[in-house]
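**Student:** One line per chain: the protein sequences are A and B, in this order. Residue numbers for the first sequence follow numbering that gives the first Met the number 0, so the first one is 0 and each next one is one higher. Residue numbers for the second sequence follow numbering that gives the first Met the number 0, so the first one is 0 and each next one is one higher.
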Amino acid sequence: MKEVVIQGLTQAYSNLVHMFAEFLPRLLVMLVIVLVGLVVAYLLKMILRTVLHVTRLDRLSEEAGASRFLRMAALPSMTELLSRSLFWVTWCGFILIGISVLGVAGLQEQISRLFLLLPAIFVAILILFIGLVTANFLSRAALLAAVNAGYPSPKLMSWSIRFVIWALAVSMALEQVGVARQTVIAAFSIVFGAFMFGLAIAFGLGGRELAREFLERNLGEKKTEKYEEPQPL
Amino acid sequence: MAEESFLADDFIRQLMSVGEVDLLVGIPSYNNASTIEQTLHSVEESLRQSFVRERAVILNVDGGSGDETRQIVEQSSERRDAGHKGLTSLRTIHRISCMYDRSPSQGLALRSIVAAADLLRARACAVISPATTSLTPSWIANLLRPVYREGLDFVAPLYVRSRFQGLLARELLYPMSRAVFGQRIRELYSDEWGFSGRLASQCLEQDVWREEAVRTRPEAWMAILANGAGLKCGQYFLGPKTVSPSATGPDIVEAIRQTVGNLFWCMETNQGYWMGRSNSQSVSTFGPEHELSADGIPPSQDKMFDLFRSGVNELEPILASILAPDTHAQIKAIALSDRTKFRFASELWVKTLYEFAASYHRAVLNRDHLVQALVPLYRGRVYSFLLEHANSSAEAMEAQSEILCQEFERQKAYLVERWTAKN
Numbered sequence: 000m001k002e003v004v005i006q007g008l009t010q011a012y013s014n015l016v017h018m019f020a021e022f023l024p025r026l027l028v029m030l031v032i033v034l035v036g037l038v039v040a041y042l043l044k045m046i047l048r049t050v051l052h053v054t055r056l057d058r059l060s061e062e063a064g065a066s067r068f069l070r071m072a073a074l075p076s077m078t079e080l081l082s083r084s085l086f087w088v089t090w091c092g093f094i095l096i097g098i099s100v101l102g103v104a105g106l107q108e109q110i111s112r113l114f115l116l117l118p119a120i121f122v123a124i125l126i127l128f129i130g131l132v133t134a135n136f137l138s139r140a141a142l143l144a145a146v147n148a149g150y151p152s153p154k155l156m157s158w159s160i161r162f163v164i165w166a167l168a169v170s171m172a173l174e175q176v177g178v179a180r181q182t183v184i185a186a187f188s189i190v191f192g193a194f195m196f197g198l199a200i201a202f203g204l205g206g207r208e209l210a211r212e213f214l215e216r217n218l219g220e221k222k223t224e225k226y227e228e229p230q231p232l
Numbered sequence: 000m001a002e003e004s005f006l007a008d009d010f011i012r013q014l015m016s017v018g019e020v021d022l023l024v025g026i027p028s029y030n031n032a033s034t035i036e037q038t039l040h041s042v043e044e045s046l047r048q049s050f051v052r053e054r055a056v057i058l059n060v061d062g063g064s065g066d067e068t069r070q071i072v073e074q075s076s077e078r079r080d081a082g083h084k085g086l087t088s089l090r091t092i093h094r095i096s097c098m099y100d101r102s103p104s105q106g107l108a109l110r111s112i113v114a115a116a117d118l119l120r121a122r123a124c125a126v127i128s129p130a131t132t133s134l135t136p137s138w139i140a141n142l143l144r145p146v147y148r149e150g151l152d153f154v155a156p157l158y159v160r161s162r163f164q165g166l167l168a169r170e171l172l173y174p175m176s177r178a179v180f181g182q183r184i185r186e187l188y189s190d191e192w193g194f195s196g197r198l199a200s201q202c203l204e205q206d207v208w209r210e211e212a213v214r215t216r217p218e219a220w221m222a223i224l225a226n227g228a229g230l231k232c233g234q235y236f237l238g239p240k241t242v243s244p245s246a247t248g249p250d251i252v253e254a255i256r257q258t259v260g261n262l263f264w265c266m267e268t269n270q271g272y273w274m275g276r277s278n279s280q281s282v283s284t285f286g287p288e289h290e291l292s293a294d295g296i297p298p299s300q301d302k303m304f305d306l307f308r309s310g311v312n313e314l315e316p317i318l319a320s321i322l323a324p325d326t327h328a329q330i331k332a333i334a335l336s337d338r339t340k341f342r343f344a345s346e347l348w349v350k351t352l353y354e355f356a357a358s359y360h361r362a363v364l365n366r367d368h369l370v371q372a373l374v375p376l377y378r379g380r381v382y383s384f385l386l387e388h389a390n391s392s393a394e395a396m397e398a399q400s401e402i403l404c405q406e407f408e409r410q411k412a413y414l415v416e417r418w419t420a421k422n
């Protein structure tokens, strides 16, 4: 009995030693990968930061109005945000590779799923960013055009454009990540459809006179008197 | 040569067949079928009467007219060859026609003209708009002569204006360009002007032809380039100007986008030149320096004030990002004032424009949007001007214009301060 116990303990000890002997090199490899990843991520961050400085992305972002939103959200400049994002994405990638080298059962599958999701998340962030910039630019252009032409409710027009583009960008980003795909599409269709329907009703019923005036001015024979400004040049 | 890359082969062949010339008159056209023949006739008459011994070429550059403009130019050329050959001129007056692009652009048209001037070694050139119906042979001679005979490099026109016409030029473009660049050229933005072959060659060397500011209004850029290069500029009084009813010019929003956008762009690209300059110098002027006619009734003003007030209100966040807090507060305050007692003071107007220019330089928002945000404020200034001068004489208005110019010059240090500020 005693011998069996000793043999069992010896076996367990030997297994433990064997496990450690097997695990330690993997741990070392993982640490090396993480360290190399840190260096690579840092280098990539510096390269991207330099490239973005040269291409004057911050000025572009300032012009498009995206920087204002970043400041409101207490985020750094566009160049800094993108280079930091690249750093973390790269380093996280290396960390995940390192963890997979450990060979821990069960983690492998999760890591592969995470790896598959990473590009989708990156694309989703990109979609949101482009949506934000486009919404700001177009809504401001619409606001200025409406104000300068003397149209009624220019802010409503501007916010409508902003809302539609945001809704489109958010639904596209969520679909990209694969979050409740069907729900997102259905929700977007309902919101967008309702918005357009609401506009149609508002314009058709609430603004019958305005609609008539608009159609007469643009399509009809009868011309309304045009406001004449003094010749500027 | 730079021009080899953009001039069509056929156009180069036509230029080569002409050889060298002394004078070149460029006529950029776009759907000007109703007036182009008269323009060609005036130009030819001018060359026959005033430059009998000079070798001359008339160059029509078309921006893809959809009407009969190009056919009329060609037919008119054939008729002229048959009817007038060698009768009054000692030299042949050549005619060349080409299409520079499929869409109109003053800048691209000018590029073809200066390239032709460079290739033909023209000494004096003029650009003439076919939309101008008051064009007479003396106009062309008056734009060419100071360049050809007096050695000037850029000649701007001067027109007779009605009291309430050209307010953008009088309230903004002339005083601001005068204060910033230091030269008193009144009509920096016009459809007719003259220039030397030397200036044409310098223009051709610049890599700016694709810039929106140059594509739409190249004439001011050309004058500022001449100014910066130390070339001589002048202006010639041409008389009253009328344009064809089909070409009434851009509306106020488009005019501000083109001209003010161009002025700010010129400031941005020539900052090394103007920053250290103070005061302004007169340029050689032939004829009266300005002439406001007493005719013209003040236009309707109420709508203008409404547009100013709603603009200040609706564009509040945009204006806040462009203007200094104090200036913005003053504008908001006057927007709330009673419309009969409204006054947009010159001091505030100048400050506002300089802050817009500095914000354009720092690109606090999209530059075209920034320029568009100026439209309601310009309307406010014009409303104030009309309220103040509805019954003023032309002389009183001129005196007021000079005071405004001096205010722009007085506040130039503020512009430099805002321009060079870090934030």
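Where a beta carbon is used, it is the ideal one built from N, C-alpha and C, also for glycine.
Can the beta-carbon of A/F93 be found less than 9 Å from the beta-carbon of A/L37?
**Tutor:** yes
**Student:** Once DSSP output is grouped into helix, strand and coil, what is the label at B/M98?
**Tutor:** strand
**Student:** Nearest chain A C-beta to B/R378 closer than 9 Å, yes or no?
**Tutor:** True, the Cβ-Cβ gap to chain A drops below 9 Å.
**Student:** Does B/M274 have its Cβ less than 9 Å from a Cβ in chain A?
**Tutor:** no
**Student:** Quick one: using the 10 Å Cβ neighbour count with 16 as the cut-off for buried, is B/A334 buried or exposed?
**Tutor:** buried
**Student:** Just to confirm, are B/L203 and B/D100 a CB contact at a threshold of 9 Å?
**Tutor:** no
**Student:** So B/N59 is in the beta strand (DSSP E); what residue range does that whole segment cover?
**Tutor:** A55 to D61
**Student:** Quick one: Cα of A/F213 to Cα of B/T38, how far?
**Tutor:** 39 Å
**Student:** Check whether the Cβ of B/H360 lies closer than 9 Å to any Cβ atom in chain A.
**Tutor:** Closer than 9 Å: no.
**Student:** Where does B/V146 land, buried or exposed, given buried means 16+ other C-beta within 10 angstroms?
**Tutor:** buried
**Student:** Can you pull the chain B neighbours of A/V146, defined as C-beta to C-beta under 7 Å?
**Tutor:** S309, G310, E313, L314 and P375
**Student:** Against B/Y158, what residues of chain A qualify as contacts under a CB-to-CB distance less than 8 Å, listed in chain order?
**Tutor:** Those do not exist, as B/Y158 stays about 10 Å from chain A at its closest Cβ, beyond 8 Å.
**Student:** Pull up the distance between the alpha-carbon of B/M15 and that of B/H93, whole angstroms please.
**Tutor:** 12 Å
**Student:** Identify the contact partners of A/P153 in chain B, using a Cβ-Cβ distance below 7 Å as the criterion.
**Tutor:** E313
**Student:** Residue range of the beta strand (DSSP E) that B/T284 falls in?
**Tutor:** Taken as a continuous stretch (DSSP letters only), the beta strand (DSSP E) holding B/T284 covers S283 to F285.
**Student:** Run down chain A in chain order and give the residues with a C-beta less than 7 Å from the C-beta of B/Y306.
**Tutor:** Before going further, note that residue 306 of chain B is Leu rather than Tyr in the sequence given. Under the 7 Å cutoff, chain A gives G149.
**Student:** Since B/S195 is in the alpha helix (DSSP H), which residue starts that stretch and which ends it?
**Tutor:** Taken as a continuous stretch (DSSP letters only), B/S195 belongs to no alpha helix (DSSP H), being part of the beta strand (DSSP E) at W192 to S195.
**Student:** Which residues does DSSP list as the beta-bridge partners of B/V242?
**Tutor:** B/T131
**Student:** Give me the chain A residues within the contact set of B/H368, using Cβ-Cβ distance strictly less than 7 Å, ordered along the chain.
**Tutor:** R139, A140 and L143
**Student:** With contact counted as at least three CB pairs below 8 Å, one residue from each stretch, are the segment 306 to 320 of chain B and the segment 279 to 291 of chain B in contact?
**Tutor:** no
**Student:** Report yes if the CB atom of B/Y188 is closer than 9 Å to the CB atom of A/L232, and no otherwise.
**Tutor:** yes
**Student:** Can you name the residues of chain A whose CB is closer than 9 Å to the CB of B/Y188?
**Tutor:** For B/Y188, the C-beta contacts it makes with chain A under 9 Å involve L232, in order along the chain.
**Student:** Please confirm whether A/F136 has its beta-carbon closer than 9 Å to some beta-carbon of chain B.
**Tutor:** yes
**Student:** Let me confirm a value: A/L26 is counted as buried when at least 16 other C-beta atoms fall within 10 Å, else exposed. Which label applies?
**Tutor:** Burial call: exposed.
**Student:** Does B/V363 have its Cβ less than 9 Å from a Cβ in chain A?
**Tutor:** yes
**Student:** Nearest chain B C-beta to A/R211 closer than 9 Å, yes or no?
**Tutor:** Judged by the 9 Å Cβ criterion, A/R211 is not in contact with chain B.
**Student:** Per the contact definition of three or more C-beta pairs closer than 8 Å, is the segment 136 to 155 of chain B in contact with the segment 320 to 330 of chain B?
**Tutor:** no
**Student:** Between which two residues does the beta strand (DSSP E) harbouring B/I26 extend?
**Tutor:** L22 to S28
**Student:** What separation, rounded to the nearest whole angstrom, lies between the Cα atoms of B/V179 and B/V159?
**Tutor:** Going by the C-alpha atoms only, they are around 25 Å apart.
**Student:** Between B/T268 and chain A, is there a C-beta pair that is closer than 9 Å?
**Tutor:** no
**Student:** A/Y41: buried (16+ other C-beta within 10 angstroms of its C-beta) or exposed?
**Tutor:** exposed
**Student:** Which complete alpha helix (DSSP H) runs does the segment 341 to 375 of chain B hold, if anything under 4 residues is left out?
**Tutor:** Along the segment 341 to 375 of chain B, the alpha helix (DSSP H) occurs as fully enclosed runs of 4 or more residues at 345 to 361 and 366 to 371, listed in sequence order.
**Student:** Tell me the rounded alpha-carbon separation between B/P324 and B/Y235.
**Tutor:** Each residue's alpha carbon lies about 43 Å from the other.
**Student:** Have a look at B/E346 and B/Q371 and give me their C-alpha separation to the nearest angstrom.
**Tutor:** 21 Å
**Student:** Can you check whether the CB of B/L143 is closer than 9 Å to the CB of B/S41?
**Tutor:** The answer is no: Cβ separation not under 9 Å.
**Student:** Buried or exposed: which applies to A/I184, given that a residue is buried once 16 or more other Cβ atoms fall within 10 Å of its Cβ?
**Tutor:** exposed
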